[in-house]
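Here is the structure we will look at, set down as structure tokens.
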Amino acid sequence: MSKADVVRSAPDPESVPVPGGQWPRAIYDILKAFDVRHMSYVPDAGHSTLIKLLNADPEVTSNVLTTEEEGVAIAAGAWLGGQRSVLLMQSSGVGNCINMLSLPVIARFPLLMLVTMRGEWSEFNPWQVPMGRATQPALEAIGVRVVRADAASDLIETVESAATLAYGADQQIAVLIGQRLLGKKKW
Amino acid sequence: MGMTSSANPTFALSRRVAVKALLADRKDTLVITGLGSASYDVHAAGDRDDNYYLWGAMGAAALVGLGLAQAQPKKTVLVVTGDGEQLMAFGSLATIAVAKARNLVIVVIDNGHFGETGMQTSHTGRGLNFADVAASCGFAHTATLTRIEEVKDLARGLGGAAEGPSLFVIKVAAENPPRSLPPRDAVFIKNRFRTSLDLAPT
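First to last, the protein sequences are chains A and Y. Under our numbering, residues 164 to 350 are what the first sequence spells out, in order. Under our numbering, residues 41 to 242 are what the second sequence spells out, in order.
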């Protein structure tokens, strides 16, 4: 199969109609509706629009991290001080977070992680595959609840539900945004 | 204060005396403690509702402090942690520096050793200086303190105007004073802390 064939078969995340027209914008609107005024991220291409929206919002404090587990601890601190925080990362970063997740799990800090998946659908880079496979079991092993969305239409409802569980019910929850939804990285 | 080639210089200051002096006039400063001896030191200086003690999640202390400082910009947030705990979150100094939280003060109680696990020599005991690292990252105020008078000066200045985040190293003797154990129920400590800020538990 030629590279051109691979690119042609990529799903188009824009092809699924969602409220707000585009899923990152819809997630941003949900976070605003939940009064999330604090976020941390290690960038991922799949999160780039949402990061841009949150970074541009003067009501939101943004932190760029050197490694994803930092954001787990920062979110706990924000909650101690009365703010709701959201943490954005790629699936490879979940592996970095595991011991730090002891903190929200044992202290019952609200935690909402939005994780863009790699290594599971039309993946070109073999190095992404092991952590892609380990993402959900690793989170569940440490005690984080996992929900998934593989279509943009599901994603909105899934994030809304996860935000309610996190901020309303003191849960630690990760939303895995499927690579099928995100589309193929162009090489 | 650069990297020193003389291995393991010894320091006389008692960690308990130093931390007690650091907290003597803290007023409404919020305190986060790193796991191990730093938590015991702060607890020994007097348990308070506005202390959040970590018993695990090594490397979390300074970052919990950052999140808290951002959520409570009018309060001073003091992180008291050990050299080993801060070493596990080396990159956090970059994250905190670029976040520019003016109301965050990190104090590393540096005995140059991993005191909780058998007193193995740490990186700082082999010459690394955290104040230099923090300054390179862009912290606004950094210093290494070795005398109790310097600690008292720092304590008096807590809550004063700052240009950005601060990191101070207090060099202490490598000793394990009797443990003074804070509550281990992290939910209780969390809700007690939030209540002290007039925040509901959930």
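For each residue, glycine too, the CB sits at the ideal point set by N, CA and C. Quick caveat, the model's predicted, so the values are computed rather than measured.
Three-state secondary structure (DSSP) of residue i
i	result
Asp225/Y	coil
Thr230/A	coil
Arg188/A	helix
Asn259/A	helix
Phe244/Y	Shown here, chain Y extends from 41 to 242; a query on residue 244/Y therefore has no answer.
Met159/Y	coil
Ile146/Y	strand
Lys211/Y	strand
Met252/A	strand
Gly341/A	coil
Gly122/Y	strand
Arg247/A	strand
Arg234/Y	helix
Asp333/A	coil
Val179/A	With a pLDDT of only 43 at Val179/A, under 50, the local geometry of the prediction cannot be trusted, and the value read off the model is given with reservation. Here Val179/A sits in coil by DSSP.
Lys348/A	coil
Met276/A	strand
Thr242/Y	coil
Thr321/A	helix
Phe51/Y	coil
Thr116/Y	coil
Ala201/Y	coil
Ala109/Y	helix
Ser79/Y	helix
Ser46/Y	Reliability of the predicted coordinates at Ser46/Y is poor, the pLDDT of 46 falling under 50, and the value obtained from them is presented with this limitation in mind. Residue state, collapsed to three classes: coil.
Ala129/Y	coil
Ser316/A	helix
Ser206/Y	strand
Ser225/A	strand
Cβ pair residue i, residue j closer than 8 angstroms
i	j	result
Asp123/Y	Asn169/Y	no
Gly76/Y	Glu156/Y	yes
Thr279/A	Ile340/A	yes
Ala213/Y	Ala64/Y	no
Met263/A	Asp207/A	no
Met128/Y	Met98/Y	yes
Val227/A	Arg200/A	no
Ala301/A	Val257/A	yes
Ala84/Y	Arg56/Y	yes
Gly244/A	Leu237/Y	yes
Ala61/Y	Gln110/Y	no
Tyr93/Y	Pro222/Y	yes
Val117/Y	Val82/Y	no
Glu303/A	Asn259/A	no
Cβ separation of residue i and residue j, assumed to be a contact under 8 angstroms, to the nearest whole Å
i	j	result
Ala270/A	Val309/A	Contact doesn't hold; Cβ gap of about 20 angstroms is too wide.
Ser248/A	Gly96/Y	Going by Cβ atoms, the distance from Ser248/A to Gly96/Y rounds to 20 angstroms, so no, they are not a contact pair.
Gln335/A	Gly295/A	Wrong, their Cβ atoms sit about 21 angstroms apart, outside the cutoff.
Ser255/A	Gln291/A	7 angstroms
Ser203/A	Gly240/A	The Cβ separation is near 10 angstroms, so there is no contact.
Pro267/A	Leu274/A	4 angstroms
Trp284/A	Gln342/A	4 angstroms
Delimiting residues of the alpha helix (DSSP H) encompassing residue i
i	result
Asp193/Y	188-197
Thr73/Y	No alpha helix (DSSP H) contains Thr73/Y, which is instead part of the beta strand (DSSP E) from 70-73.
Asn91/Y	Segment 91-93 is the beta strand (DSSP E) holding Asn91/Y; no alpha helix (DSSP H) there.
Arg55/Y	55-63
Ala297/A	292-305
Thr164/Y	No alpha helix (DSSP H) holds Thr164/Y; DSSP gives it neither H nor E.
Thr135/Y	132-139
Leu217/A	211-218
Ala97/Y	From DSSP, Ala97/Y is part of no alpha helix (DSSP H); its letter is neither H nor E.
Ala270/A	265-270
Residue-chain proximity (residue i, chain B), Cβ-Cβ < 8 angstroms
i	result
Tyr80/Y	Of the chains in the structure shown, none is chain B; the protein chains are A and Y.
Extent of the continuous beta strand (DSSP E) to which residue i belongs
i	result
Met202/A	199-204
Ala312/A	308-312
Leu185/Y	181-185
beta-carbon residue i near the ligand ADP non-hydrogen atom, thresh 7 angstroms
i	result
Phe208/Y	Because no ligand of any kind appears in the structure shown, any question about the ligand ADP cannot be addressed here.
Is it a yes or a no for the stretch 96-113 of chain Y touching the stretch 159-175 of chain Y, going by three-plus beta-carbon pairs under 8 angstroms?
-> Contact between the stretch 96-113 of chain Y and the stretch 159-175 of chain Y is absent, because fewer than three Cβ pairs lie under 8 angstroms.
Counting pairs of beta carbons, one from the stretch 171-182 of chain Y and one from the stretch 220-232 of chain Y, are three or more of them closer than 8 angstroms?
-> Counting C-beta pairs closer than 8 angstroms gives fewer than three between the stretch 171-182 of chain Y and the stretch 220-232 of chain Y, which falls short of the contact rule.
Are the stretch 66-78 of chain Y and the stretch 202-211 of chain Y touching, with three or more C-beta to C-beta distances below 8 angstroms?
-> Too few Cβ pairs lie closer than 8 angstroms, so no.
Is it a yes or a no for the stretch 82-90 of chain Y touching the stretch 134-144 of chain Y, going by three-plus beta-carbon pairs under 8 angstroms?
-> In short, these stretches do not touch, since the Cβ pair count stays below three.
Is the stretch 319-338 of chain A touching the stretch 190-197 of chain A, taking contact as three or more C-beta pairs under 8 angstroms?
-> Yes, since at least three Cβ pairs between the stretch 319-338 of chain A and the stretch 190-197 of chain A fall closer than 8 angstroms, the two stretches touch.
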